[in-house]
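S.K.: Quick one: the structure is below, and I'll ask about it shortly.
Numbering (this note's numbering), first residue to last: 3 to 560.
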C-alpha cells in the first residue's frame with residue numbers, strides 16, 4: 003500500500019537528511035576532521051526510522067566508531083559497538099565489523115575495561131577466521147596481544163606479536179607489519195616500566211633499545227602508509243624510548259611531531275599521552291619547573307575519565323618533579339593520586355587475569371591447532387622450497403628462512419649479528435665438461451652433505467642455484483664465522499670426490515659478512531651483497547680461499 007501523500011515529504015526529508023549526513027561524514031573523514039565526522043556519522047547512524055539503506059547505515063556506524071576510537075572516546079565506542087558490528091555483519095561488511103571490534107579491543111583497556119577488550123578481540127578473531135580474512139586475523143591478534151599487555155602480561159603479548167609479525171611479513175602488507183612493529187615497541191616500553199626499578203638495569207635498558215629499534219622500523223612503514231594516526235602513535239612510542247635512553251634531543255623532535263599531528267587531527271586521548279611524554283622528558287632533563295607547568299594543568303584538563311595509564315604517568319612525573327623542587331605537600335598529593343590509580347588498575351588487572359586464564363590456555367591451543375593446519379596446508383609450498391638434488395633449501399626457501407631468522411632475533415640486545423657465507427665451487431663448469439654432468443651433480447650433493455655436517459642444527463644452509471650455496475650462522479661473531487668458513491674450505495679441499503671421477507679435485511671460494519640493518523623489503527641479493535662482494539674478492543685473489551668483509555682474508559693453511 004502506498005504511504006499517505008501527506009507522509010511522503012517527511013519520509014523523503016528524513017532519508018535525504020540521513021544521506022547528506024553520511025556524505026558529510028565521508029568528506030570529513032577524508033580531510034581528517036574527526037569531530038565533524040563523528041557528528042555527521044552519529045546523525046546518519048541514529049536517523050529516525052533508520053532512514054538509510056542497511057549498507058549505508060552500517061557505513062555510518064563504521065565512521066562513527068572510527069571517530070570515537072581515534073578521539074579516545076572509548077566509553078561511547080563500547081556503547082555503540084554491538085549495534086554497529088551487527089549492522090556491518092548483516093550487510094556483508096565482515097572486514098569492517100572486524101575493524102570495529104579491533105578498535106574496541108585496543109581502546110577500552112585504556113579505561114580499565116579489560117574483560118570487554120578481550121571479548122571484542124576474541125569475537126573479531128572468530129569472525130575474521132570464518133570470513134577468511136588473514137590480514138584482519140593478524141591485526142586482531144595484535145589487538146589480543148595489546149589486551150594482554152594492558153592486563154600486565156607483556157611477555158605473553160610479545161610472543162603473540164612476534165608470531166603475528168612473521169605471518170604479516172610473509173603473507174600480508176605494510177599496514178599489518180606496521181601494527182606488529184608499533185605494538186612490539188609499546189610492549190617493550192611496558193616491559194621497561196616493569197623492569198626499570200628492579201635489580202637488572204641492563205635488562206631494562208635492553209628493552210628500551212628493542213623499543214627504539216621496533217619504533218624506527220615502524221616509523222618508516224607509517225610514513226609510507228601516510229596515515230596521520232599511525233604516524234603520531236609510532237612517533238610518540240619512539241619518543242618515549244629515546245627519552246628514557248637519554249637521547250633527549252631526538253626524543254623531543256619526534257614528540258613535537260606527534261603533538262602537531264594529534265592537535266591537527268583532534269586525536270584527543272593520544273594528544274594527552276604525548277603531552278605527558280613531554281612532561282616526562284622535562285623531568286629526565288632535570289627541568290622540574292617546566293615539567294610542573296606542563297603536567298599540572300593537563301591533569302586537571304584530562305579529568306578522571308582519561309586513560310588510566312596516561313593519568314598514572316602524569317601523576318608519577320609530577321611527583322618526581324615536585325619532590326625535586328622541595329614541594330613536599332605537592333609531591334605527596336601526586337604520589338597518593340598515582341598510588342590510588344595504580345591500586346585500582348592492579349585490582350582490575352588481577353581480576354582480568356583470573357577470569358581469562360582460560361583465554362590464555364585457549365590461545366595456546368589455538369596456536370597449536372593453527373600450527374598443525376599450517377603444516378598440512380603448506381606441505382606443497384614447503385616441498386617447493388627444497389632443492390631436489392641436494393635436499394637443501396632452494397633460493398626461495400633460503401630467502402624466507404633468512405627473513406624469519408632475522409625477525410626472531412630482531413632487537414636482541416647484546417647478541418652478535420647473523421653472519422652469512424656465500425660459497426661457490428671453483429671451476430665448476432670445467433668439472434662438468436671434464437667428468438660429465440653426473441659427476442657434477444654428485445659433487446653438489448656431496449658438498450651439501452658436507453656443509454650440513456660442518457654446521458649446527460640452528461644454522462641455515464641452502465643452495466641458491468648452480469654451484470652457489472649459502473650458510474647463515476646466528477649467534478656467532480664475524481671472526482668466529484671466518485674460522486668456521488676456513489674449516490669448511492679445508493674440508494672441501496681435502497674430501498675424496500668419488501671413484502667415478504678419477505683425478506677429480508674440488509675446492510670452494512667463500513665470502514663472509516655480517517647482516518647489517520637493511521630495509522624490510524630488501525631482496526635476497528641486497529641482503530647478501532657484502533658476502534657476495536667478499537666472495538668475488540676470494541675468486542679474484544686466486545680461489546680456494548675465504549674472504550671476510552671488513553677483515554683481513556683468512557689465509558689457507560699449508
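Think of the CB as a built atom: it goes at the ideal place given N, C-alpha and C, for glycine as much as any other residue.
1. Note down the Cα distance separating residue 506 from residue 438, rounded to an integer number of angstroms.
2. For the pair the region 111-127 and the region 299-315, tell me if three or more CB-CB distances fall below 8 Å.
3. On the three-pair Cβ rule with 8 Å, is the region 141-153 touching the region 178-197?
4. Taking buried to mean at least 16 other C-beta atoms within 10 Å of its own C-beta, is residue 504 buried or exposed?
5. For my contact list, residue 536 and residue 547 are in at a C-beta cut-off of 8 Å; report their separation, rounded to the angstrom.
6. Out of curiosity, what's the CA-to-CA distance linking residue 62 and residue 468?
7. Which runs of the beta strand (DSSP E) spanning at least 3 residues fall entirely within the region 442-524, listed in chain order?
8. Between residue 150 and the rest of its own chain, which residues show a CB-CB distance below 6 Å, the 5 nearest in sequence each way excluded?
9. Can you say whether residue 542 is buried or exposed, counting buried as having 16 or more other CB atoms within 10 angstroms of its CB?
10. In this structure, how does DSSP classify residue 335 when only helix, strand and coil are distinguished?
11. How would you write the range of the alpha helix (DSSP H) that residue 433 sits in, first residue to last?
12. Between the beta-carbon of residue 64 and the beta-carbon of residue 106, is there less than 8 Å?
13. Determine which residues share a DSSP beta bridge with residue 421 and list them.
14. Which residue marks the beginning of the beta strand (DSSP E) containing residue 549, and which one marks its end?
15. I'd like the list of long-range same chain contacts for residue 403, defined as Cβ closer than 7 Å, with 5 residues on each side in sequence excluded.
16. Which of the three DSSP states is assigned to residue 1 in this structure?
17. For residue 445, tell me which candidate among 459, 466, 484 and 499 has the shortest Cα-Cα distance.
18. Can you name, in chain order, every residue of its own chain whose Cβ lies under 6 Å from the Cβ of residue 137, other than the five neighbours on each side?
19. Assuming residue 282 and residue 319 make a contact with CB atoms under 8 Å, what is their CB distance in whole Å?
20. Which runs of the alpha helix (DSSP H) at least 4 residues long sit entirely within the region 23-54? Give them in chain order.
21. Quick check on the burial criterion: 16 or more other C-beta atoms within 10 angstroms. Buried or exposed for residue 511?
22. Is it buried or exposed, residue 435, if we count other Cβ atoms within 10 angstroms and call 16 or more buried?
23. Cβ of residue 240 within 8 Å of Cβ of residue 274?
24. Report the three-state DSSP secondary structure of residue 391 (helix, strand or coil).
25. Going by the CB atoms, is the gap between residue 220 and residue 187 shorter than 8 Å?
26. Counting along the chain, where does the alpha helix (DSSP H) carrying residue 288 start and finish?
27. Nearest CA to the CA of residue 433: which residue from 455, 508, 457 and 406?
28. Quick check: the Cα distance between residue 379 and residue 529, rounded to an integer number of angstroms?
29. Just curious, the alpha helix (DSSP H) that residue 94 is in, first and last residue?
30. Measure the alpha-carbon distance for residue 428 versus residue 481 and round it to whole angstroms.
31. Using DSSP bridges, identify the partner residues of residue 426.
32. Look at the alpha carbon of residue 116 and the alpha carbon of residue 423, and state the distance between them as a whole number of angstroms.
33. Let's see if you can read the secondary structure: which residues bound the alpha helix (DSSP H) around residue 396?
34. Short check: CB of residue 79 to CB of residue 43, under 8 Å?
35. For residue 205, I'd like the list of residues in its chain whose CB is within less than 6 Å of its CB, leaving aside the five on either flank, ordered along the chain.
36. Starting from residue 155, follow the alpha helix (DSSP H) in both directions and report where the run begins and ends.
M.R.: Answer, in terms of the structure:
1. By one-based count along the chain shown, residue 506 stands at place 504. By one-based count along the chain shown, residue 438 stands at place 436. In a straight line, the C-alpha of residue 506 is about 11 Å away from that of residue 438.
2. Contact between the region 111-127 and the region 299-315 is present, with at least three C-beta pairs closer than 8 Å.
3. Touching, yes.
4. The sequence position of residue 504 within the chain shown is 502, counting from 1. Classification for residue 504: exposed.
5. If you number the chain shown from 1, residue 536 lands on position 534. If you number the chain shown from 1, residue 547 lands on position 545. At roughly 11 Å, the Cβ-Cβ gap does not stay under 8 Å, so residue 536 and residue 547 are not in contact.
6. Along the chain shown, read from residue 1 onward, the residue named residue 62 stands at position 60. Along the chain shown, read from residue 1 onward, the residue named residue 468 stands at position 466. About 58 Å.
7. DSSP runs (the beta strand (DSSP E)) wholly in the region 442-524: 462-467, 470-475 and 510-516.
8. Along the chain shown, one-based indexing puts residue 150 at 148. Within the same chain, Cβ atoms closer than 6 Å to the Cβ of residue 150 are found at 158 and 159, the five residues on either side in sequence being excluded.
9. Here residue 542 is taken as the residue at index 540 of the chain shown, counted from 1. Exposed: under 16 other Cβ atoms inside 10 Å.
10. Position 333 of the chain shown, counted from the first residue, corresponds to residue 335. Helix, per DSSP.
11. Position 431 of the chain shown, counted from the first residue, corresponds to residue 433. Residue 433 -> alpha helix (DSSP H) spans 430-437.
12. Counting from 1 along the chain shown, the entry for residue 64 is found at position 62. Counting from 1 along the chain shown, the entry for residue 106 is found at position 104. No; because the gap between Cβ atoms is not below 8 Å, this pair is not in contact.
13. Taking the first residue of the chain shown as 1, we reach residue 421 at position 419. Listed as beta-bridge partners of residue 421 by DSSP are 475 and 516.
14. Taking the chain shown and counting its residues from 1, the one referred to as residue 549 is at position 547. Segment 548-550, the beta strand (DSSP E) holding residue 549.
15. Locating residue 403 in the chain shown gives position 401, counting from the first residue. The residues are 395 and 462.
16. This structure cannot speak to residue 1, because the chain is shown only from 3 to 560.
17. Taking the first residue of the chain shown as position 1, residue 445 is located at position 443. It is 499.
18. Here residue 137 refers to the residue found at position 135 of the chain shown. Only residues of its own chain outside the window of five on either side were considered, and among them 174 and 178 have a CB closer than 6 Å to the CB of residue 137, listed in chain order.
19. The residue given as residue 282 occupies position 280 in the chain shown. The residue given as residue 319 occupies position 317 in the chain shown. Right, their Cβ atoms sit about 5 Å apart.
20. Fully enclosed alpha helix (DSSP H) runs of 4 or longer: 36-47.
21. For the purposes of this step, residue 511 is identified with residue 509 of the chain shown, where counting begins at 1. Buried: at least 16 other Cβ atoms inside 10 Å.
22. Counting from 1 along the chain shown, the entry for residue 435 is found at position 433. Looking at its Cβ environment, which holds fewer than 16 other Cβ atoms inside 10 Å, residue 435 is exposed.
23. Taking the first residue of the chain shown as position 1, residue 240 is located at position 238. Taking the first residue of the chain shown as position 1, residue 274 is located at position 272. Contact check for residue 240 against residue 274 fails: the beta carbons are separated by 8 Å or more.
24. Sequence index remark: in the chain shown, residue 391 carries index 389 (1-based). Residue state, collapsed to three classes: coil.
25. By 1-based counting over the chain shown, the position of residue 187 is 185. By 1-based counting over the chain shown, the position of residue 220 is 218. Contact flag set, yes.
26. On the chain shown, position 286 is the one that residue 288 refers to. Note, residue 288: premise wrong, no alpha helix (DSSP H); not H, not E.
27. On the chain shown, position 431 is the one that residue 433 refers to. Of all alpha-carbon atoms in 455, 508, 457 and 406, the one lying nearest the alpha-carbon of residue 433 is that of 508.
28. The residue you call residue 379 lines up with position 377 of the chain shown. The residue you call residue 529 lines up with position 527 of the chain shown. Summary for residue 379: the model assigns pLDDT 46, below 50, so the residue's position carries little reliability; its value from the coordinates is reported in the next sentence. Straight-line Cα distance between these residues: approximately 29 Å.
29. Stepping through the chain shown from its first residue, residue 94 is reached at position 92. It is not in any alpha helix (DSSP H) - residue 94 carries neither H nor E in the DSSP assignment.
30. If you number the chain shown from 1, residue 428 lands on position 426. If you number the chain shown from 1, residue 481 lands on position 479. Distance between the alpha carbons of residue 428 and residue 481 is about 24 Å.
31. Within the chain shown, residue 426 is the residue found at index 424, counting from 1. Per DSSP, 470 and 511.
32. One-based indexing of the chain shown puts residue 116 at position 114. One-based indexing of the chain shown puts residue 423 at position 421. Straight-line spacing of the CA atoms in residue 116 and residue 423 works out to 48 Å.
33. Working through the chain shown from its first residue, we reach residue 396 at position 394. Unbroken run through residue 396: none, as it is neither H nor E.
34. Taking the first residue of the chain shown as position 1, residue 79 is located at position 77. Taking the first residue of the chain shown as position 1, residue 43 is located at position 41. For residue 79 and residue 43, no; Cβs fall outside 8 Å.
35. Indexing the chain shown from 1 puts residue 205 at position 203. Counting only residues of its own chain and dropping the five nearest sequence neighbours on each side, residue 205 has a CB closer than 6 Å to the CB of 197.
36. On the chain shown, position 153 is the one that residue 155 refers to. In the DSSP assignment, residue 155 falls outside any alpha helix (DSSP H) and carries neither an H nor an E.
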